[in-house]
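Q: Have a look at the structure that comes next, please.
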Amino acid sequence: MARLKEFDEDRALDAAIDCFWSRGYEATSVRDLAREMGIGGASLYNAYGDKRSLFARVLERYANGTTRERIARLEASHPPREAIRAFLAEVIDRSLKDPDCKGCLLVNSAIDVAPHDAELGRVVAAYLEEIRAFFQRMVEAANQAGETPRGTDAHALSLHLLGVLMGMRVLARTGARRRTLEAVVRPALELLGRPH
4 MARLKEFDED RALDAAIDCF WSRGYEATSV RDLAREMGIG GASLYNAYGD KRSLFARVLE
64 RYANGTTRER IARLEASHPP REAIRAFLAE VIDRSLKDPD CKGCLLVNSA IDVAPHDAEL
124 GRVVAAYLEE IRAFFQRMVE AANQAGETPR GTDAHALSLH LLGVLMGMRV LARTGARRRT
184 LEAVVRPALE LLGRPH
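As structure tokens, this is what we get:
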């Protein structure tokens, strides 16, 4: 019979998120992780394997609690174009409420980790693809409802919106203010057509 984990896994994973998010993947040691998670190094290895495996779990927990939650909530509660607008507005608000300018763990990982680790790069790319697919679904739905300019290419616009989102999150790390972030987003939103 397998032994039950002797620690609070939710709390431990949240601590690991904070550790990777504040230090970055490369600068975070297993010792840092064990200390922040409140577990021994052996327990960390037994529960999660190596640092890469733990990082993949951290990315999943982060995505579930941020992007996936936001996508599901907005897709269920907003008309398509408004879901995109609300998604980007929430990201701006979240960026501005981050006193440490940590940015987005997924975007940071796309820049810092993906170029050096193909497997983790594929993991990060899959999460970013979920965001792009959300944008595409919303644009397609708005196209079908006749709410977007004629000839709007849903796939191309979804890629553009993802690029805008990533650029905005990188700018937020430099302490960019609301006016700057909204100016980055505004031309992309204009491609969706005027709000009703």
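The sequence shown maps to residues 4 to 199 in my numbering. Backbone N, C-alpha and C fix where the C-beta goes; we use that ideal spot for every residue, glycine too.
(1) Taking a contact to mean a Cβ-Cβ separation below 7 Å, would you say E37 touches G44 in this structure?
(2) Quick one: residues in its chain with C-beta nearer than 7 Å to the C-beta of V33, no 5 flanking neighbours on either side, listed in chain order?
(3) If distances are taken between C-alpha atoms only, which option among F90, I87, A79 and A117 comes closest to A59?
(4) So, using beta-carbon positions, are L160 and V142 closer together than 7 Å?
(5) From A179 to E29, what distance separates their C-alpha atoms?
(6) Going by the CB atoms, is the gap between L99 and R181 shorter than 7 Å?
(7) Indicate whether C22 and D35 have their beta-carbon atoms separated by less than 7 Å.
(8) If you draw a straight line from the alpha carbon of L195 to that of W24, how long is it in whole angstroms?
(9) Check E132 in the structure and name its three-state DSSP category.
(10) State the Cα-Cα distance for the pair P152 and P190, rounded to the nearest angstrom.
(11) Identify which residue in R71, E78, A136 and L91 has its Cα closest to the Cα of V187.
(12) Tell me which residue opens and which closes the alpha helix (DSSP H) that E39 is part of.
A: Working from what's here:
(1) According to the sequence provided, residue 37 is Ala. The question's Glu does not apply to it. In this structure, G44 lies closer than 7 Å to A37 by Cβ.
(2) G44, L47 and K54
(3) A117
(4) yes
(5) 25 Å
(6) yes
(7) yes
(8) 33 Å
(9) helix
(10) 14 Å
(11) L91
(12) V33 to M40
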